[in-house]
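Chains as they are written, first to last, in the UniProt record's numbering: chain X, 1 to 184; chain L, 1 to 321.
For every residue, glycine included, the Cβ atom is placed at its ideal position computed from N, Cα and C.
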Amino acid sequence: MKGIIFRGLEELVVTSHDIAVWEKLLEKHAPADRVYVSAKNYPDEELFALAQEVAIVVDKPLPDVLRTFGEFLFTYLTHKHREILDQFDGFSSLIMSIDTVIHAEVAKLYHEPNLPEIRCERIDDSHILMFYCSKRKLCFCAEGLIHGAAEYYQMNVNIEHQKCMHQGAAECTLLLSFGEKKHG
Amino acid sequence: MVKSTDEYYRAYLREKQARDELEQILEEKTRELYQSNKALEEKITQLQSQQAVLMQTEKMATLGTLSAGVAHEINNPLAYAMSNLESLNYVKPVIAELLVIAKNVLDEKLSPEELHIALHRLNQQQSFDFLLGDIDELLDDAQEGLKRIGAIVKNLLSFARPKNNLLAMADIGESLEGAIKLLHNQLKNTHLICNIQPIPLSYCNLAALNQVFVNLLLNAQQACEGSVQKAEIVVELFCEQDSIYLSVADNGCGMSEQTKEHIFEPFFTTKPVGQGTGMGMAIVYGIITEHQGVIMIESAQGSGSKIVCKLPVLTEPLNNI
């Protein structure tokens, strides 16, 4: 897993809790000299252990923690690479371009990014069917990222996780229903 | 305690800031590197396609050199095939009449006496004994001539076809024999000694190797032109310790040190302006190295040259050919 994801988790823990909490997490689940750097690869197990521990600290189920992390990660990543978002004219355009644009941009920045396979089918103007496949099975984090994107574009999104790799499916199927947020 | 925590947190923020800045620099450099790499890949693709065009151009130039000889090679069998077919044309009325007679007999329109008279008349016109022998000969010779033309055209086509990237387990000897046949006319005044031994099959591109052999043989033949002694070319093909050796030796003019130094460079030629593309040996070098082989040159001015290609016996396909 790329260091930038660990850095996102670090930022989440430090801002929402305390630096001491992050230190404790590191002491427990990472080598003594660990400092996460975006471009480096770190063991997947380290991220899973850290996320699991966060779930214990905040007393929430792991899927919820991963969703929260995904949503935070979207803001964290867009803050670092806002220029990538300039290529999209809205939520739907971004979702439809995850594989062709976002993952292509990631490949320019990081060597061997080991990205998940994501493909999307537009059903109509307010529905997209997304297929997610990764040996890491971080589909809940993907849900959070989608929520983060919806928030960025001032949209409401509902995700129906129709099939899940955690339940033995070969890939996750997510039905995204979305519409503009109503103000006032 | 609070102060100490604050200081600790500020130090953390500074370290984080340093990481962020360094990562930004790294990302910018990585993006530049990615773009340069992409551009380089495009250049390589462009170069590969230009190289393919150059190879084809060189082939066409060689074809130009071969064309007069090939035309002559085709002309001989074509002449007697045509002449035989013309002779058969004279036989046609006799055969047609024989068929009419046969039909009339079947339709019971001819009595045995009439049949006998008709056949006797025909036999006097054109002796059946002569026809029986002649038709066979005419047809066999015409067929043989057309087969020869077919073989020449096949060799020509296999040489002229653009190089594809198809690799196959094949006998390199076949390609060499094809090249020798194609150059039959060019080499007719040369004492050609072939020592072609059976070699194991190897993964190779036969069409590309065919071009190598044609180029080497043509170079050898041209090196012998103008020599006072009888031109002699010795071609050897054999296998030794998992390597296939192909050598072409001539007793021609030989090469100077300068020629040997530059022989594999593109556009280097010792021929007068307007003759030779200067790509022949560069292409030979390219094809042999693509087959993971090496080329060795032994040459002395005035006493001839020997070009040896050493190719490994490949039991698995190479990806880069």
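DSSP-derived helix/strand/coil call for residue i
{"i": "I196 of chain L", "result": "strand"}
{"i": "E225 of chain L", "result": "coil"}
{"i": "A11 of chain L", "result": "helix"}
{"i": "L88 of chain L", "result": "helix"}
{"i": "T100 of chain X", "result": "helix"}
{"i": "L176 of chain X", "result": "strand"}
{"i": "I321 of chain L", "result": "At I321 of chain L the pLDDT is 49, less than 50, meaning the model places this residue with poor confidence; the figure from the coordinates comes in the next sentence. I321 of chain L falls in the coil class under three-state DSSP."}
{"i": "S49 of chain L", "result": "helix"}
{"i": "D134 of chain L", "result": "helix"}
{"i": "M1 of chain L", "result": "Any reading at M1 of chain L is ruled out, since the residue's pLDDT is 40, under 50, leaving its predicted position unreliable."}
{"i": "residue 351 of chain L", "result": "Residue 351 of chain L is absent from the model: chain L starts at 1 and stops at 321."}
{"i": "S127 of chain L", "result": "coil"}
{"i": "K182 of chain X", "result": "coil"}
{"i": "S83 of chain L", "result": "helix"}
{"i": "A116 of chain L", "result": "The displayed chain sequence assigns His, not Ala, to residue 116 of chain L. Helix at H116 of chain L."}
{"i": "S202 of chain L", "result": "strand"}
{"i": "H166 of chain X", "result": "helix"}
{"i": "H191 of chain L", "result": "strand"}
Listed by chain order, chain L residues near residue i by CB distance under 7 Å
{"i": "S16 of chain X", "result": "Those within 7 Å of S16 of chain X in chain L number zero; the least Cβ separation is about 15 Å."}
{"i": "residue 188 of chain X", "result": "It is not possible to answer for residue 188 of chain X, since the shown part of chain X is limited to 1 through 184."}
Residue i and residue j closer than 9 Å at C-beta
{"i": "G226 of chain L", "j": "S299 of chain L", "result": "no"}
{"i": "L63 of chain L", "j": "L122 of chain L", "result": "no"}
{"i": "G3 of chain X", "j": "N41 of chain X", "result": "yes"}
{"i": "I244 of chain L", "j": "P200 of chain L", "result": "yes"}
{"i": "L217 of chain L", "j": "Q258 of chain L", "result": "no"}
{"i": "K306 of chain L", "j": "V248 of chain L", "result": "yes"}
{"i": "L206 of chain L", "j": "A170 of chain L", "result": "yes"}
{"i": "L50 of chain X", "j": "C141 of chain X", "result": "no"}
{"i": "A208 of chain L", "j": "Q221 of chain L", "result": "no"}
{"i": "E117 of chain X", "j": "D99 of chain X", "result": "yes"}
{"i": "E46 of chain X", "j": "A30 of chain X", "result": "yes"}
7 Å Cβ cut-off: residues of chain X touching residue i
{"i": "L14 of chain L", "result": "At residue 14 of chain L the sequence reads Arg, which differs from the Leu that was named. Chain X residues near R14 of chain L: none, gap ~13 Å exceeds 7 Å."}
{"i": "R19 of chain L", "result": "V37"}
{"i": "residue 338 of chain L", "result": "Residue 338 of chain L falls outside the range modelled here, since chain L spans only 1 to 321, and no answer is possible."}
{"i": "Y9 of chain L", "result": "I19"}
{"i": "E23 of chain L", "result": "V37, S38 and A39"}
Closest by C-alpha distance to residue i, when choosing among the options
{"i": "Y80 of chain L", "options": "L:D107, L:Q124, L:L146 and L:L47", "result": "L:L146"}
{"i": "L115 of chain X", "options": "X:I102, X:S93 and X:Y36", "result": "X:I102"}
{"i": "Q125 of chain L", "options": "L:N104, L:G133 and L:L98", "result": "L:L98"}
{"i": "G70 of chain X", "options": "X:A149, X:A32 and X:P61", "result": "X:A149"}
{"i": "D140 of chain L", "options": "L:M82, L:F159 and L:L166", "result": "L:M82"}
{"i": "P198 of chain L", "options": "L:T30, L:K271, L:E240 and L:I263", "result": "L:E240"}
{"i": "L175 of chain X", "options": "X:R119, X:R136 and X:Y153", "result": "X:R119"}
{"i": "G150 of chain L", "options": "L:V212, L:N76, L:L106 and L:L192", "result": "L:N76"}
{"i": "Q292 of chain L", "options": "L:C204, L:G302, L:A142 and L:Q222", "result": "L:C204"}
{"i": "L166 of chain L", "options": "L:K43, L:I233 and L:E290", "result": "L:E290"}
{"i": "V313 of chain L", "options": "L:L246, L:G302 and L:Q17", "result": "L:L246"}
{"i": "G302 of chain L", "options": "L:A223, L:E114 and L:S67", "result": "L:A223"}
{"i": "S92 of chain X", "options": "X:D125, X:P63 and X:E151", "result": "X:D125"}
{"i": "R10 of chain L", "options": "X:M130, X:V13, X:T100 and X:I19", "result": "X:I19"}
{"i": "G280 of chain L", "options": "L:I288, L:V70, L:I297 and L:V212", "result": "L:V212"}
{"i": "E144 of chain L", "options": "L:L33, L:N84 and L:A68", "result": "L:N84"}
{"i": "A282 of chain L", "options": "L:I172, L:S256, L:K271 and L:N215", "result": "L:N215"}
{"i": "E86 of chain L", "options": "L:A142, L:K260 and L:R19", "result": "L:A142"}
Residue i Cβ short of 8 Å to the ligand FAD heavy atom set
{"i": "L156 of chain L", "result": "Among the components modelled here there is no ligand, and therefore nothing to report on the ligand FAD."}
Beta carbon proximity, residue i to chain C, threshold 9 Å
{"i": "L218 of chain L", "result": "The structure shown contains no chain C; its protein chains are X and L."}
ask   = In the segment 227–306 of chain L, which residue ranges form an unbroken alpha helix (DSSP H) of at least 4 residues, counting only runs that do not cross its ends?
value = 257–262 and 280–290
query = If you scan the UniProt domain "Heme NO-binding" (2–161) of chain X from start to end, which runs of the alpha helix (DSSP H) of 4 or more residues do you find wholly inside it?
reply = Counting whole runs of 4 or more residues, the UniProt domain "Heme NO-binding" (2–161) of chain X contains the alpha helix (DSSP H) stretches 3–16, 19–29, 44–58, 62–80, 82–85, 91–96, 103–109 and 139–152.
ask   = Mind pulling the beta strand (DSSP E) runs of 3 or more residues that sit fully within the segment 146–177 of chain L?
value = 168–170
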